[in-house]
Each structure stands twice: as C-alpha cells, then as structure tokens.
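Residue numbers (the numbering used here): 6 to 371.
Everything below concerns the one structure shown next.
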C-alpha cells in the first residue's frame, strides 16, 4: 500500500501542472483582462478609479496617445489614455513580462504556497480563502451529512420494498429531485418563505444576523441554523436523488447474491441478513465516496446557492474573481482546489481499503 500511495502522490505533480498550464493559456487568451477592467473604470470615473487601482499615483490624461507609441492600442477602450499610465498598470499587474515568464514565476510561488495578493481587494489570496471558508464548509458539511442521512435509509427501504407502492411513490420524488436543478428549488424557496411573495420566515442574506455577538450560546446556534435552512434544503433536494438510487441499486445487487440466499436458508432473520451480511458489502461504494461527495458539494454545487442567498463563500469568491479577472484569486484557488481534489481521490481509495480490507491496490496500475 505504501508503494501505491507514493505513486499516486507523485502522479499529482504532472496532473496539477497540466491543469495549471491549460487554464493559464485559456484565461490569458480570453478578452477582458484586469487592465481592461480598470480601463473601463477609468473611462467612467477617472479620478476615483485611478486612485483605487493604479497604486502608483498615475493620473489619467485626456487626449490622444503620444506619437509613436502603441502601448494603449493593445487594450480595448484605452485610446485617449496616457501610455505611461498603461505601462504603470502593466508593471503593477506583472504584464510587462512575457507570458512564459509570468507562468514560471507563478508556479515557483505556488510551490512555496505563495499565492500573492488580490488585484482588487488589497488582501492576500490565502486570507480571502480563509475568510470565505466557514461559509462553504458550513454548506458542504451539513449538506453532505443530510444527504447521506436521508439517502441511505431511503435507498435501503426502496431496495427492501422494490416494486411496492412505496418504491413507486418515492421514485417519483427522486425523479423530480434529479431533474430539477437545485438553484430552481432555491428560487422557489425564496419566493415562498423568504419574503419573495408569500411568507417572510427566513433571512435572505448572510450566515448569521448582525446582532450575532449579542446573542447567547443557544441563540447563536438557532440563528446559525435559521440562516442555513433554505440554502441547505435547496441543496439537499437537488443532490439526494443520485445517492438514493446508488444505495438502492447497490443493495439490490447484493440481495441477489448467493451468500444472501445461503444465509436465509440457514434460518437467519431478514433483518440480520440485511444489516449483518448485506450492509457491509452494499455500503462499500457509498461510504467510500463520502470524501469526494463533500469536496464536490463544497467547491462546485454551492456556487449558485451562495450567489442566490448572498452567502459570501468560496463559490461566490471564485465567481467574482472570474468576472473581475482577478488572476491571483483565480489561479490561487484553482491550484488549492485541484490539489485538494487530487488528495481526496487518494483518500477515497484508502477509504475503500478501510471499509473492506480485501481490496488491494498494491497490484493495480495507477
């Protein structure tokens, strides 16, 4: 097992490098970089935008670019701005260097976990990630736990009652949950219960109330879950269907195995056969997938939920960074999340071994 873990850890290096190269090329060829973003600000509110973003004290000068200079012509909307201002912006954001040098410097810094500072927030990428992490972890952790607590018992019940009226009715609910995206459920919940049209029972913004510090310990717990109720419900409804079907099919596959028929022939009760013999084998794939499910919910599924419910988490941070072309935040979070995802895939394999020691990855090719 040690050799397998070593091979997987070594494989992370080229995989992570390939992901960063591909995304660096795509993002740098996309129009509307950070300099274009600032130019758009300058053209609308020259003094305040320059004071906020230039950082070098450069002033916007009206008129045409200096003769013989094509610096401003490289950027959309830059005509009429002082070329020296454009050069100062390029130097400030590192665009005065060729692309390959910028990529090499970025990788060197990332190897030392130095992700730099945000272009527009005047804070380090690590600080931003740490500040947004509690919101995303709250959504990811509670959603994963609720999905597993609902889907596993429901999937077992459907497998035991396969073909019954209960199985038919619950399958209808699962079809709806699987077909309708979670963000549509979120919008429906807002309309119904967050003051959209009918009831105003739940808050629509933030993870806690403004008077959080004044509340008692019990009051803080109630306030925390009060704010989480609608986001969690929308995410659970959109995600429980797949795990329920996986659990049901896994149990059905094991129930029809020969060892189950043998156990029943020996006179064991149906409950003992189900939970002592079937459960461990059937739950292997479900339990082993827990780390991956948590990371998937944490970094992907929560994006629209955070935007809709105004929750300032990692999903919203990544969305805003992409819109504003905040490259340090974009590449820094991409590097961290990709690395975490690769490590979690390894953790999934180790979880398989923990759940069923008969599995041996040692002889398997990576």
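Where a beta carbon is used, it is the ideal one built from N, C-alpha and C, also for glycine.
Being a predicted model, the structure only gives us computed values, none of them experimental.
Simplified DSSP assignment, three categories, for residue 205: strand
Suppose the cutoff is 6 Å on Cβ atoms and the five residues either side in sequence are ignored; what does the same chain contact list for residue 29 look like? 108
Are three or more beta carbon pairs between the stretch 257 to 273 and the stretch 182 to 196 nearer than 8 Å? no
Rounded straight-line distance, which links the Cα of residue 352 to that of residue 314: 32 Å
Distance check for residue 19 and residue 8, CA to CA, integer angstroms please. 18 Å
Give the DSSP bridge partners of residue 129, in chain order. 122
Expected contact under 8 Å - CB spacing of residue 123 and residue 133 to nearest Å: 6 Å
Apart from the five residues just before and just after residue 21, which ones in its own chain have a Cβ nearer than 8 Å to its Cβ? 340, 343, 344 and 347
Quick one: grab the DSSP three-state call for residue 12. helix
List the endpoints of the continuous alpha helix (DSSP H) containing residue 240. 222 to 260
Whole-Å CB distance - residue 242 paired with residue 190, under 8 Å assumed: 5 Å
Backbone secondary structure at residue 199 - three-state DSSP: strand
Do you know how far the Cα of residue 11 is from the Cα of residue 265? 38 Å
Can you list, in chain order, the residues of its chain whose CB lies under 8 Å from that of residue 5, leaving out five sequence neighbours each side? Outside the displayed span of the chain (6 to 371) sits residue 5, for which this structure offers no information.
Which runs of the alpha helix (DSSP H) at least 4 residues long sit entirely within the stretch 265 to 292? Give them in chain order. 284 to 287
Run through DSSP, which three-state label would residue 348 get? helix
Using only the alpha-carbon positions, how far apart do residue 16 and residue 350 sit? 12 Å
For residue 328, collect the residues of the same chain with a Cβ closer than 7 Å to its Cβ; drop the 5 residues on either side in sequence, then sort them by chain order. none
Among the residues of its own chain, which have a CB less than 6 Å from the CB of residue 207, if the five just before and after it don't count? 198, 199, 234 and 235
Please work out which residues of its chain come closer than 7 Å, Cβ to Cβ, to residue 141, disregarding the five sequence neighbours upstream and downstream, and give them in chain order. 303, 307, 318, 319 and 320
Mapping DSSP to helix, strand and coil, what is residue 71? The predicted position of residue 71 is uncertain, since its pLDDT is 45 and thus under 50; no value can be drawn from it.
Does the stretch 214 to 227 come into contact with the stretch 163 to 177, if we say contact requires no fewer than three beta-carbon pairs (one atom in each stretch) closer than 8 Å? no
How would you label residue 332, buried or exposed, when you count the other beta carbons within 10 angstroms and need 16 or more for buried? buried
Using beta-carbon positions only, say whether residue 245 and residue 182 come within less than 8 Å of one another. yes
From 31, 121, 146 and 13, pick the residue whose C-alpha is nearest to that of residue 301; which is it? 146
Residues in the same chain with beta-carbon distance under 7 Å from residue 382, minus the five sequence neighbours each way, listed in chain order, please. A question about residue 382 goes unanswered here, because the residues of the chain that appear run from 6 up to 371.
Note down, in chain order, each residue of its chain lying with its Cβ closer than 8 Å to the Cβ of residue 232, except the 5 sequence neighbours on either side. 207, 208, 211, 212, 213 and 214
Nearest-angstrom Cα separation, counted from residue 299 out to residue 262: 31 Å
Taking the alpha-carbon of residue 251 as reference, which of 157, 113 and 110 has the nearest alpha-carbon? 157
Ignore the nearest five residues each way along the sequence and tell me which others in residue 202's own chain have a CB closer than 7 Å to its CB. 196
On the DSSP letters alone, give me the boundaries of the alpha helix (DSSP H) that residue 296 sits inside. 295 to 301
Specify the secondary structure class of residue 212 as computed by DSSP and reduced to three states. coil
So, for residue 117: in the same chain, excluding its five sequence neighbours on each side, which residues have a beta-carbon less than 6 Å away from its beta-carbon? none
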